[in-house]
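Take 14 as the starting number for the sequence shown in the numbering used here and just add one per residue. Working notes, beginning with the structure itself.
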Amino acid sequence: MQVENVDILIAGAGPAGAVAAGMLRKQGRQVLILEREQFPRFSIGESLLPQSMQYIEEAGMLRDVVEAGFQYKNGAAFAWGDRYTHFDFREKFSEGWGTTYQVQRARFDKVLADAAERMGAEIRYRHEVTAIDVEGDRPLITVRNPDGHEYHVSAGFVLDASGFGRLLPRLLKLDEPSSFPARGAIFTHVQDNIPPGGFDREKIRITVHPEHVDVWYWTIPFSDGRCSLGVVAKQEFLAQYAGTETERLRALVSEDPALSQLLKDATWDTPARQIVGYAANVKSLWGKRFALLGNAGEFLDPVFSSGVTIAFKSASLATACLEREARGETVDWEHDYAEALKAGVNTFRAFVEAWYAGSFQKLIFHPGQTDAVRRMISSILAGYAWDRTNPYVARTERRLGVLEELIEL
């Protein structure tokens with residue numbers, strides 16, 4: 014079988030793969046992206062964080078995203094019974110972007126993929142990687158094309174940006190159980206029909222269940238009058254609700270008076286879906302001539318919308334390592350890539366753990382917060398989880414623990 018040679022092969026044309034391709038093309042590298050599906054295609058994870066804009070700009074794709082007409086976003090709002098608070102991401106501790114967008118991922122991912130092609134990357138849709146051999150000097154990838162025929166590609170380096178497909182973790186047996194309990198999400202898109210002034214469409218709204226602090230809903234408004242709506246809970250909690258996924262989601266929404274009132278005129282025109290057990294981890298984020306990007310490596314939880322930001326950060330770190338190697342420098346992939354990426358992921362992890370323990374809710378709804386503390390928290394909610402000048406990044410767990418103790422007092 015004839016073997017095709019490429020410089021960099023990227024598995025997956027989603028946000029991590031497309032942005033990595035843009036960064037590599039700016040380095041002058043040859044890039045081939047193999048994508049199992051045909052774009053546009055549905056994906057969940059629609060609320061971006063402002064930190065993401067830095068990487069979109071770094072990849073040369075800022076104009077493509079800005080001109081696409083997505084819903085402007087400047088913060089996050091939290092509701093819990095009759096309590097309400099919000100964070101404006103422009104009022105934060107860290108330097109950098111304070112605004113971003115809320116996006117329909119089918120269109121957003123296509124915008125980024127088209128930008129990668131514009132910059133010279135080749136994308137082959139409906140080409141599925143079925144095997145990989147990393148024992149030789151160059152990874153050898155087996156690919157099945159849309160007609161069912163297989164071919165081989167030899168790559169100088171492979172970036173796995175396959176997201177929840179988790180290509181290399183499956184093929185190379187890198188999967189490792191997540192430390193988070195098995196949770197699930199039921200979600201859909203609706204025509205929300207919320208009247209003007211009834212909802213701040215420039216912010217994602219996170220609603221805490223009135224009786225169960227570890228159950229929460231997202232409401233993400235889009236620019237066309239629609240919104241993404243979902244609920245997250247442990248699987249055993251969701252299993253109590255019968256019927257179709259749409260019926261189960263509507264029943265759960267009805268349990269929160271404020272949210273059900275907000276959506277009282279909504280048109281439920283799209284069947285709901287469910288995903289379960291989405292939290293994932295791996296033994297290593299890199300190996301011989303390959304690295305895992307974004308969700309292909311580790312996924313925490315959707316509560317702080319960190320997934321796309323982590324994906325972009327991983328693309329930036331990995332392509333920087335590849336650029337250094339191309340210059341003849343020695344790269345320590347564990348230190349320069351894995352540990353550098355995990356530094357911010359661990360900050361998000363501490364916040365996620367605090368959320369499900371209920372201590373984060375106590376903090377953000379507490380009336381005695383100082384402006385300085387709010388700015389530090391706002392920075393992390395905006396995605397700046399790698400800014401170690403922020404005390405909540407440098408000593409995340411300690412800071413959260415101290416504040417929880419103060420609140421109890």
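Quick reminder that beta carbons are idealized off the backbone N, C-alpha and C, glycines included.
query, result
"Contact under 9 Å by Cβ, residue 68 with residue 355", "no"
"Best match in 16, 48 and 18 for proximity to residue 31 [C-alpha to C-alpha]", "48"
"Helix, strand or coil at residue 405 according to DSSP, with G and I counted as helix", "helix"
"Through-space distance from residue 39 to residue 390, alpha-carbon basis", "34 Å"
"Beta-carbon proximity of residue 167 to residue 202, cut-off 9 Å", "no"
"One or two residues paired with residue 229 in a DSSP bridge", "221 and 245"
"Alpha-carbon spacing of residue 293 relative to residue 191, whole angstroms", "5 Å"
"Sequence-distant residues of the same chain with beta carbon closer than 7 Å to residue 331, five excluded per side", "33, 172, 304, 306 and 350"
"Cα-Cα separation, residue 243 to residue 258", "11 Å"
"Buried versus exposed, by CB contacts within 10 Å (16 or more), residue 277", "exposed"
"From 220, 312 and 310, residue whose alpha carbon lies closest to that of residue 273", "220"
"Pairwise C-alpha distance: residue 367 and residue 393", "13 Å"
"Within 9 Å, strictly: CB atoms of residue 162 and residue 15", "no"
"Burial state of residue 348 (16 or more Cβ within 10 Å)", "exposed"
"7 Å Cβ shell around residue 204 - same chain, five flanking residues per side excluded", "238, 239, 279, 280 and 282"
"Expected contact under 8 Å - CB spacing of residue 147 and residue 296 to nearest Å", "Not a contact, Cβ separation roughly 14 Å."
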